[in-house]
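To start, the structure itself, in structure tokens.
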Amino acid sequence: MFGSVPKELWQRWTPPDDKNRIELSTRSLVIRTPKACVLVDGGVGSHWDDKFNGLFEISAAPLEQVLQSEVGIGPDEITDVVVTHWHFDHVGGLVKRTPDGKHAPVFSNAQVHVQLANQNVAEAPSDRERASYLSETWQPYEVRGQLVLSHLSHSLDTEEILSGVHVQRTDGHTIGQQMVHVVAGKEHFVFCADLIPTQYHLKPHYSMGYDVQPLVLEREKKEVLRLAAKHGWVLIFEHDMSLPAAKVHLRETARGPVYELEPYQIS
-16 MFGSVPKELW
-6 QRWTPPDDKN
4 RIELSTRSLV
14 IRTPKACVLV
24 DGGVGSHWDD
34 KFNGLFEISA
44 APLEQVLQSE
54 VGIGPDEITD
64 VVVTHWHFDH
74 VGGLVKRTPD
84 GKHAPVFSNA
94 QVHVQLANQN
104 VAEAPSDRER
114 ASYLSETWQP
124 YEVRGQLVLS
134 HLSHSLDTEE
144 ILSGVHVQRT
154 DGHTIGQQMV
164 HVVAGKEHFV
174 FCADLIPTQY
184 HLKPHYSMGY
194 DVQPLVLERE
204 KKEVLRLAAK
214 HGWVLIFEHD
224 MSLPAAKVHL
234 RETARGPVYE
244 LEPYQIS
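All letters in the sequence shown, in the order written, are residues -16 to 250 by the working numbering.
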């Protein structure tokens, strides 16, 4: 999760277990508008076999149960799902196992929005990413014709996919990832996905071993942080266990800009 950052540093922030694993959340976002009920990402899911669960020590309830208990939304009420990218820890909860062992959509009424560039990667992943892109997470939606493919061409391009919901392409983590921007009242929220997965990845040069283009990610992160500090955006961290969201403040130092976080309560 911390790539070239020395373990001596990162274990102070998030201590590993005896198998060198750290605790991470797989946070989703619900956006309610007058005409839509939107879910951003679907968490890691709860349908994995014992071997897979043992490898990652997954602890997750079915996403549909969590939505019902925490925000009072049933799966049939979700009109749109925005997939930041098809890595299993972001979309595993979008599918469920049927009695015959196959995978089926949890959100059968929803349109599923994803970047064409990322869909292409999911369908033909490189050896480096093959273990993260699992076809059972996206094929159940593709065969039902639920996918809506966006065509942003360049890193940091944006578009409005639903009223008040914009996506922004980033390619540093994986090709065709999309962050989600939402303006609610006076606040501008940014669901960072894996551009900034936790508060400890705030430094632009801190990247994950999973990132396919670290230098591209560094450039993208610098631009997002610059704008977040300038305009008071709220960043939402998908994988942070203790800090779901924060505002960013810029402090200039002799060694260059330093970004600091102010925790933000999001509901």
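The beta carbon of each residue, even a glycine, is placed where N, CA and C say it ideally should be. None of these values were measured; they are calculated from a predicted model.
* Asked: Beta carbon of Glu112, beta carbon of Tyr242: below 9 Å?
  -> Taking 9 Å as the Cβ cut-off, Glu112 and Tyr242 do not qualify as a contacting pair.
* the segment 134 to 153 touching the segment 58 to 66, judged by at least three CB pairs closer than 8 Å -> yes
* Out of curiosity, what's the CA-to-CA distance linking Leu185 and Ser138? -> 19 Å
* My guess is that Pro180 and Phe220 are in contact by the Cβ rule of under 8 Å, so how many angstroms apart are they, rounded? -> 7 Å
* **Buried or exposed by the 16-neighbour rule on C-beta atoms within 10 Å, applied to Arg238** => exposed
* **Cα-Cα separation, Thr120 to Glu245** => 35 Å
* Asked: Would you say the segment 152 to 160 touches the segment 93 to 112, given that touching needs at least three Cβ pairs under 8 Å?
  -> yes
* Look up Leu130 in the DSSP assignment and give the residues it is bridged to. => Val95
* To do: Please list, in chain order, all residues of the same chain as Glu40 whose beta carbon is under 7 Å from its beta carbon, the five residues on each side excluded.
  => Arg4
* Asked: What is the residue span of the beta strand (DSSP E) that Thr141 lies within?
  -> 141 to 145 is the extent of the beta strand (DSSP E) around Thr141.
* Please classify Asp59: is it buried, with 16 or more other beta-carbons within 10 angstroms of its beta-carbon, or exposed? => Counting the other CB atoms within 10 Å of its CB gives Asp59 a total below 16, which places it among the exposed residues.
* Thr236 lies in the beta strand (DSSP E); which residues open and close that run? -> Bounds of the beta strand (DSSP E) holding Thr236 are 228 to 236.
* Asked: With C-beta atoms as the reference, is His30 less than 9 Å away from His96?
  -> no
* **For Val173, the three-state DSSP class (helix, strand or coil)** => Val173 falls in the strand class under three-state DSSP.
* Rounded separation between His222 and Tyr183 - CA only -> 10 Å
* Does the pairing of the segment 124 to 142 with the segment 169 to 180 give three or more beta-carbon distances under 8 Å? -> No contact exists between the segment 124 to 142 and the segment 169 to 180.
* To do: Using only the heavy atoms of the ligand COA, determine whether one of them is closer than 8 Å to the beta carbon of Glu125.
  => This structure simply doesn't include the ligand COA, nor any ligand for that matter.
* State yes or no: is the C-beta of Leu210 within less than 9 Å of the C-beta of Leu178? => no
* **Whole-number beta carbon distance between Ser42 and Asp275, since they are thought to touch under 8 Å** => Nothing about residue 275 can be read from this structure; the chain reaches only from -16 to 250.
* Alpha carbon to alpha carbon, what distance is there between Glu47 and Glu53? -> Linking Glu53 to Glu47 through their CA atoms gives a straight-line distance of about 10 Å.
* To do: On the DSSP bridge assignment, give the partners of Ala167 in chain order.
  => Glu170
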